[in-house]
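Okay, so here's the structure we're looking at.
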Amino acid sequence: MFCIIGFCHTKVHAQYSSEADLINALRKYPKTDSIKLKLYDEVFRYYGSRQQYDPMELYLDSVRILSTKLNLKNKLYDAQYRAALFYHSKTRYSEALAHYQESYAIADASNNTYGMARVLLNTGAIYMDSKDYVKALEKNQQAIPLYEKLGMKREVGSCYMNIAEVFTDLNQIDKAFPYLNLALGLFIQNGPNSRGVGVVSEAMGVAFMKAKDQDLINLGVLPSQRYNHALEHFKKALPIALLEDDPALAASINANIGEVYGLLSDHTKAKQYFETVMNLDQKHDYHVSSSKNKIRYAQYFFSQKNYTAGLQMAHAAVRIADRYKIPGNLQNAYELISKMHEQSGNYDSALLYFQQYVVIKDSLFNAEKEREITRKQLVLDFEVKEKEYRYNRQLLDNELKQQVLLAATQRGQLELAKKQKDLQQLLFLQQRTKLQNEASLQVAAFQQQKDKSDYEQAIAKEQIDNQQLELRFNKYLNLFFLISVIVLLIGGTIIFYSQRKAKKLNLIISEQKNSLQELLVVKDQLLGTISHDMRTPINSLMAFTYLLDNQTLSQEKLRIYTGQLKNTLGYTQELLDNLLKWASTQMKGFSPQPIQLQLNEVIQQALSGFSDSILQKQLQIQQNIDIDVNVLADKEMLLCVIRNLISNAVKFSYQNGTIRIQAAKDSSGSYLVIQDEGIGIAADKLKYINDPVAKVVNSSLGTSQEKGNGLGVLLCKSFVHLMKGSIHFNSSPGHGTSARIDFERC
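Using the numbering used here, read the sequence shown as starting at 15 and increasing by one per residue.
In C-alpha cells:
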C-alpha cells in the first residue's frame, strides 16, 4: 500500500504541473484519501509560489480539514509551515507569524521537536528584522535546547549567531563576541567555506566596526587597527557568499566594505563597492537587506555632503521599508532624512521627518524592553556557563582517574628508587674517599685561583665606576626628555579644552538665537492680530460713546446698539483671553498641572456659560457621556479647550440645530467628541487646521454673523499637546464639524 501511494503521489506531481491540470485532477478524483490530500497540497503550493494568497488560503483550509480527518498531523504541520514561509519570504510578517504560531501548536501537540525548533528559529528572525529584540532573544533561547537535543550543531550555531546580531544592533559588542565565537566553532565543522562561516565572518567585521576602543583593547586589538581587522573579515566572507550564490549576503558584505573604504577616505573604491551592492540587490527579493543597503549608501552620501543623492537613496529605502512593513529600517531612514534636511537648511522638513522617526522609535523600544533584554541575556549567559561547568567537571573527573593511575605507577617507581638509593650510598662512600684525596691537591690550585680572582676584581671595579658615570649622564638626559614631553602634553591639553569650551559657547549662542527667533515670531503674530482685530471693536465703542454723549438715540436704538456692543465686547474679551493664553504657551509660560478629573463635571461647567447663546439660537444639546470617564489633565486648560470647542459649535450652528457631546473610553484611553450640524469647513482649510505646524488660522463668520479671531483652534491644539493628548477635526461643508480629543491614559 505504501509503495502504491508513493507512486501515485509521484505521478500526481509529475503529471499535473499547470494550474488547469491540477484543478481538473482535483475535481475528477472522487475519493477522500491521501491522494486527494496530495492534490490539495499541490494546488496550495502552486498558488503560494506565485504569491496568489487568497486562493492559497482557500486550498490551505482544504488541506487542514482533510489532514485532520485523516489524522495526518505531519502533513498539516508541513502545510502551515510552508504557508508561513511563503509570507515570510515576502516580508508579510503578520501573516507569517500567524501561520508559524499554528504550525508550532501542531508540532507541540505531536511532540515534533524539529518542527518546533525551526519555527522558533524563523520567528526569531522575523522579530530581529522588526527590531523586537526581546522576543528575538526569547525565540532563539527556546530553540537552542531543542536543536541540542537533536544534535543539530549547525542550527545551534544559527541561534548563537542571531543572539550575537541582537547584541551587535544594541552596540553591546562585548556581549556579542562570545556568541560569535560559539557560532563560528559550530559552523566551521561543516567546512571552512560553508555559508555559516561567511555569515559569522561578516558579523565579526561589523562588530569590529561598532566596537568601542575599550572593547577592542580587551580583545587584544589596537583601536587604530579597527578597519584593517574589519576588512580582513569582510574579504574572508565575500568569496564564500559568491561561492554559495547568495546575492543578498554578497550585497551586504560589499556594502560593509564600501563603508570601510569611505571611512578610510578611499572614495573611488567606496563608490565601486556600493554600485556593486545596487546591482546585487536587483538579483534577490530580500527587502530587509535591500532597504538597509540603500540606507547605508545614503549615509555615505551624507558623509560626503552630497545631500541630493543621499535624499534620493534614502527615500528609495523608505519606499521599500514602508511597502513591506520593515519598521527598523524605516526608523533609520527617517532619522537620516531628517539630518540631511537639517544640514541643507530645510528645518520644517527636518522636523517633520524627525517626528516620524520618534514615533517609530517609541513603538519599537522602551525601558521595559531593555530590562527584558538584560534578563534574557543573563539567562543565556547562565546556560553557557552551566555547559562550561559540566564540561570542566567532566575534564576534572578524567584528570582524577589519570592521577590515580599515576599514583600507582609512582609507588612502583619509589620501591625501585629505594634500591637504587642503597646502591648509590655505597658509591658515595667510595667517591668521598677519592674526593678527600683530591681536595688536598685542589687547595693549592684554589689559592692560585684566588690571587688571579683578586686581580680581575680590581679591573672589574674600575669598569663599574666608568659605567656608573655613563648611567648618571643617561639618567639626566632621560629626565630632560621626560620634562619636554610633559610640557608638550600640558600645552596640547590646554589647547584641546580651549577648543571644546569654544564649541560649547557657540552651541549655547546658537540655542539662544533660535529661542529669540521664536519669540520674535510670537511677537509679530501678537502685534498683527491686535492691530487688525482690536481696532474694529474699539472704534465701535468710541462711536457708541459719541452717540450717548450727543443724546440722539431713542430707547429702541439704544437697546439694539447695546446688544451689538455687548457682542462686540464679548468677542473682544474672548480675543484678549485667547491671545494671552496662546502667547503664554508659545513663550513656554504655561506649565500644566495635571490631576485626575471627572470629564462630565468639566463639560457641565463649560456648558453653563453658553445658556444664553444656546437659547438665542434654539439649539438642542444631546449628551452621551459616561459618568465614570476620568481623565488626567489640567482643569483650567481643559475648561478653556472645551469652552472654545462649544463656542465654535454654537457659532457655526443654524437655528434649531443640534450639538452632540460624547465622552467615553476605548482600548487606547478616554476621548471626547463635540459635533455640530452647522456650515462645516472647506477641505483645504480643514487640512491646514489639522496640520501640527500651522501657526495662523483665518476665522469665518458664524451663522448669525458672529466674528472670530482664529486663535481658539490654535489654543485648543496647544493646550491638548501640553496635556499629552491629541486633537483632530473632521468636517463636511454644509453638514457640520466634529472635534475629537484623545486623552492620555490615567
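Even for Gly, the Cβ is constructed at its ideal location relative to N, Cα and C.
For the 8 Å CB-CB criterion, residue 175 and residue 211 do not form a contact. Following the DSSP letters along the chain, one finds residue 623 in no alpha helix (DSSP H), marked with neither H nor E. Within the same chain, Cβ atoms closer than 8 Å to the Cβ of residue 620 are found at 653, 656, 657 and 660, the five residues on either side in sequence being excluded. Remark: C-beta atoms of residue 216 and residue 243 do not approach each other more closely than 8 Å.
Inter-residue distance for residue 128 and residue 294 is about 33 Å (C-alpha atoms, whole angstroms). Residue burial is scored here from C-beta neighbours: residue 185 has fewer than 16 other C-beta atoms within 10 angstroms and is therefore classed as exposed.
In the DSSP secondary-structure assignment, residue 687 is bridged to 676 and 754. Nearest neighbour of residue 197 by Cα position, chosen from 207, 219, 169 and 667, turns out to be 169.
Measuring C-alpha to C-alpha distances from residue 316 to each of 277, 335 and 340 identifies 277 as the nearest. Under the three-pair Cβ rule at 8 Å, the stretch 713-723 does not count as touching the stretch 732-741.
For residue 156, the enclosing alpha helix (DSSP H) covers residues 147-164. Between residue 291 and residue 311 a beta carbon distance of about 7 Å is seen, short of the 8 Å cut, so the two are scored as contacting. Less than 8 Å separates the beta-carbon of residue 357 from that of residue 321. Scanning its chain for C-beta atoms nearer than 8 Å, with the 5 sequence neighbours on each side dropped, one finds no residue around residue 625.
The DSSP assignment places 48-63 as complete runs of the alpha helix (DSSP H) inside the stretch 46-77, in order along the chain (cut-off: 4 residues). Here residue 187 is near residue 224, since their CB atoms are less than 8 Å apart. Less than 8 Å separates the beta-carbon of residue 121 from that of residue 130. Distance from the CA atom of residue 347 to the CA atom of residue 364, rounded to whole angstroms, is 12 Å. Under a 10 Å Cβ-count criterion, residue 511 is classified as exposed, with fewer than 16 other Cβ atoms of the shown protein chains found around its own Cβ. Just measuring C-alpha positions, the residue of 109, 48, 85 and 172 sitting nearest residue 71 is 109. Rounded to whole angstroms, the gap between the alpha carbons of residue 60 and residue 340 is 27 Å.
DSSP places residue 749 in the coil class of the three-state scheme, outside both helix and strand.
The beta carbons of residue 36 and residue 43 sit no closer together than 8 Å.
The shortest C-alpha to C-alpha distance from residue 118 to any of 562, 104, 106 and 98 is the one to 98. When 165, 159 and 151 are compared, the shortest CA-CA separation from residue 179 is found for 151. Rounded to whole angstroms, residue 479 and residue 500 show a C-alpha spacing of 32 Å. Rounded to whole angstroms, the separation of the alpha carbons of residue 231 and residue 272 is 25 Å. For residue 750 and residue 756, the gap between their C-alpha atoms comes out near 20 Å. Residue state for residue 124 is assigned as coil, using DSSP reduced to three classes. Annotation: the continuous alpha helix (DSSP H) that includes residue 187 extends over 187-201. Secondary structure at residue 610: strand, using DSSP grouped into helix, strand and coil. Secondary structure of residue 644 (DSSP, three-state): strand.
Sorting 173, 726, 134 and 112 by C-alpha distance to the C-alpha of residue 194 places 173 at the top.
Relative to the Cα of residue 374, the nearest Cα in the group 353, 349 and 73 belongs to 349. Note on residue 81: 16 or more other CB atoms within 10 angstroms of its CB, so buried under the neighbour-count rule.
Sequence-distant partners of residue 742 (beyond 5 residues in either direction) whose C-beta falls short of 7 Å from its own C-beta, in its chain, are 704 and 754.
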